[in-house]
Amino acid sequence: NAGVTQTPKFQVLKTGQSMTLQCAQDMNHEYMSWYRQDPGMGLRLIHYSVGAGITDQGEVPNGYNVSRSTTEDFPLRLLSAAPSQTSVYFCASRINPADTGELFFGEGSRLTVL
Amino acid sequence: EDQVTQSPEALRLQEGESSSLNCSYTVSGLRGLFWYRQDPGKGPEFLFTLYSAGEEKEKERLKATLTKKESFLHITAPKPEDSATYLCAVQAGGNNDMRFGAGTRLTVKP
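Here the protein sequences come in this chain order: A and B.
Going letter by letter, the first sequence gives residues 288 to 401 in the numbering used here.
Going letter by letter, the second sequence gives residues 16 to 125 in the numbering used here.
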């Protein structure tokens, strides 16, 4: 019963490096999203996808890329890491985009950019 | 723009001391208000969805209520294991995404 799986759990990068945070769900959910969580600011939406091949920007998309080639996977790419991207990143999914049901979250990926 | 404000930022209670957490929201066309619990180092876990003013939902020691401007999460006779950060979120209008508040960090002392 995996749910939403994120890797890696922890990562340290140097400024300017690139990396990909992986997210996979095994619930056949159409809707997937990426949030970042910073102290005092709550969860903020970075990018989301309403189905394979369809992505859109959220509240804080700059510096991040996403793609959705399969229903299961929704990777988040940092193109050139900056210290301002130090945060905890959460991937979440829901059964369909327009639904008002619960979001299922992964355990998070803690990223530090030096 | 949709806004969600939670108060207080932090709350310390003695075991058995009941209290309430507040979530004020400003949205256009509320479709759902959500409460989540988040333990340190973990992802948020779903608690409740409320859809319309006057609605109430309960789960163990937690009860969530909704008005047209705010939601309360009432905690009755809390236990130390209720210690966590409680997040409120709204889904509104034509948006498929949720807007989250900053959370209330609850600590229950034995």
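Where is the CB? At the ideal position from N, CA and C, for every residue including glycine.
On a predicted model such as this, the values are computed, not experimentally measured, just so you know.
Q304(A) is bridged by DSSP to nothing; it lacks a bridge partner.
Distance from the CA atom of S86(B) to the CA atom of G303(A), rounded to whole angstroms, is 43 Å.
Annotation: the continuous beta strand (DSSP E) that includes R323(A) extends over Y318 to D325. One alpha carbon belongs to A107(B), the other to L300(A), and they sit about 36 Å apart. Across the set A311(A), G345(A), N383(A) and A289(A), the C-alpha of G345(A) shows the shortest separation from the C-alpha of L330(A). Under the Cβ criterion (8 Å, minimum of three pairs), the stretch 104 to 124 of chain B does not count as touching the stretch 349 to 356 of chain A. The beta carbons of Q298(A) and S396(A) sit closer together than 9 Å. By the neighbour-count criterion, in which a residue is buried when 16 or more other Cβ atoms sit within 10 angstroms of its Cβ, D112(B) is buried.
With respect to M319(A), A379(A) sits close: the two C-beta atoms are nearer than 9 Å. In chain order, F392, E394 and G395 make up the part of chain A whose C-beta sits under 9 Å from the C-beta of K57(B).
For S22(B), the enclosing beta strand (DSSP E) stretches over residues Q18 to S22.
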